[in-house]
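Visitor: I have a structure I would like to understand better, so I am pasting it below and will then ask my questions one at a time.
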Amino acid sequence: MIDNEFGRGASILAIDHDHSGCVTGAMARADALCLERGVRLTPVRRRVLELIWRSHEPVGAYAMLDVLRQEGFNAQPPTVYRALEFLTEQRLIHRLESRNAFIGCPSPDHPHQAVYLICTDCGTVEEREETPALTEALAALARHTGFYGTGRMLELTGLCRGCGAKQSVA
Ligand SMILES: [Zn+2]
Ligand SMILES: [Zn+2]
Ligand SMILES: [Zn+2]
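In this note's numbering, the protein residues as written are 1206 to 1375.
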């Protein structure tokens, strides 16, 4: 459902949204894409992806390592890093540079440039795709500056819809 140039409408990350739907959808997309691409979602890769999708807050590698060890995976840091590398390559997750942590990608089926909306209150991160107008504006800025851009990470910090609403009634 495309509402406008920004994709789906207002944030889906209302506090009471049905997160089990997010998880089920993410895992089903991951299974289908791995099958299609002929790559394996091994148990540890799958579990790391599930841990990342536990919420919409970014998760760090060491937090995942702790959980995997508690669950009896013989997990060493390289195991987790390799799983993260695989999931990133398959575009199932993104690394949020400012937090050095990972979030699940809601649209792994096509390459895209993401914009991250980071709530400083509840910690959730919502990903949106960069609009063509924004892409063009950034390219124009780089051209104007004589800068040859090879990458970017756009992060907006502020309050998500739920936290903003709480503050305005308080
Ligand atoms: Zn959710
Ligand atoms: Zn994405
Ligand atoms: Zn929030």
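C-beta atoms are modelled at their ideal positions from N, C-alpha and C, and glycine is treated no differently.
Keep in mind the model is a prediction, meaning the values are calculated, not measured.
On the DSSP bridge assignment, give the partners of Phe1352 in chain order.
Guide: The sequence position of residue 1352 within the sequence shown is 147, counting from 1. Bridge partners of Phe1352: none, in fact.
Visitor: For the structure I just gave you, are there three or more beta carbon pairs, one from the stretch 1318 to 1329 and one from the stretch 1256 to 1267, closer than 8 Å?
Guide: Counting Cβ pairs under 8 Å, three or more are found: they touch.
Visitor: Is the CB-CB distance between Leu1297 and Leu1270 below 8 Å?
Guide: Counted from its first residue, the sequence shown places residue 1297 at position 92. Counted from its first residue, the sequence shown places residue 1270 at position 65. In this structure, Leu1270 does not lie closer than 8 Å to Leu1297 by Cβ.
Visitor: Please report the Cβ distance between Ala1268 and His1299, rounded to the nearest whole angstrom; I am assuming they are in contact, meaning their Cβ atoms lie under 8 Å.
Guide: Locating residue 1268 in the sequence shown gives position 63, counting from the first residue. Locating residue 1299 in the sequence shown gives position 94, counting from the first residue. Actually they are not in contact, since the Cβ atoms of Ala1268 and His1299 sit about 17 Å apart, beyond 8 Å.
Visitor: Out of Cys1365, Ala1237, Thr1229 and Arg1245, state which residue places its alpha-carbon closest to the alpha-carbon of Ile1257.
Guide: Along the sequence shown, read from residue 1 onward, the residue named residue 1257 stands at position 52. It is Thr1229.
Visitor: Do three or more CB pairs link the stretch 1227 to 1241 to the stretch 1270 to 1284 at distances below 8 Å?
Guide: The stretch 1227 to 1241 is not in contact with the stretch 1270 to 1284.
Visitor: Are the beta-carbon atoms of Leu1361 and Ile1308 separated by less than 8 Å?
Guide: Within the sequence shown, numbered from 1, the residue matching residue 1361 stands at position 156. Within the sequence shown, numbered from 1, the residue matching residue 1308 stands at position 103. No; because the gap between Cβ atoms is not below 8 Å, this pair is not in contact.
Visitor: Under 8 Å, do Cys1310 and Glu1290 count as touching if we go by C-beta distance?
Guide: Along the sequence shown, one-based indexing puts residue 1310 at 105. Along the sequence shown, one-based indexing puts residue 1290 at 85. Result no, Cβ atoms of Cys1310 and Glu1290 do not sit closer than 8 Å.
Visitor: Tell me the residue span of the beta strand (DSSP E) that contains Gly1309.
Guide: To locate residue 1309, count along the sequence shown from 1; it is residue 104. Per DSSP, Gly1309 belongs to the beta strand (DSSP E) from Ala1306 to Gly1309.
Visitor: Per DSSP, which one or two residues make a beta bridge with Tyr1321?
Guide: By 1-based counting over the sequence shown, the position of residue 1321 is 116. BP columns for Tyr1321 point to Glu1332 and Glu1360.
Visitor: Find the nearest neighbour of Arg1242 within the set Ser1225, Arg1274 and Leu1292, judged by alpha-carbon distance.
Guide: Numbered from 1 along the sequence shown, position 37 holds the residue referred to as residue 1242. It is Leu1292.
Visitor: Who are the near neighbours of Glu1334 in its chain, counting only those whose CB is closer than 8 Å to its CB and skipping five residues on each side?
Guide: Counting from 1 along the sequence shown, the entry for residue 1334 is found at position 129. Closer than 8 Å at Cβ, skipping near neighbours: Gly1212, Ser1312, His1317, Gln1318, Ala1319 and Val1320.
Visitor: Grouping DSSP H, G and I as helix and E and B as strand, with all else coil, what is His1224?
Guide: As a position in the sequence shown, residue 1224 is number 19, starting the count at 1. His1224: helix per DSSP, three-state reduction.
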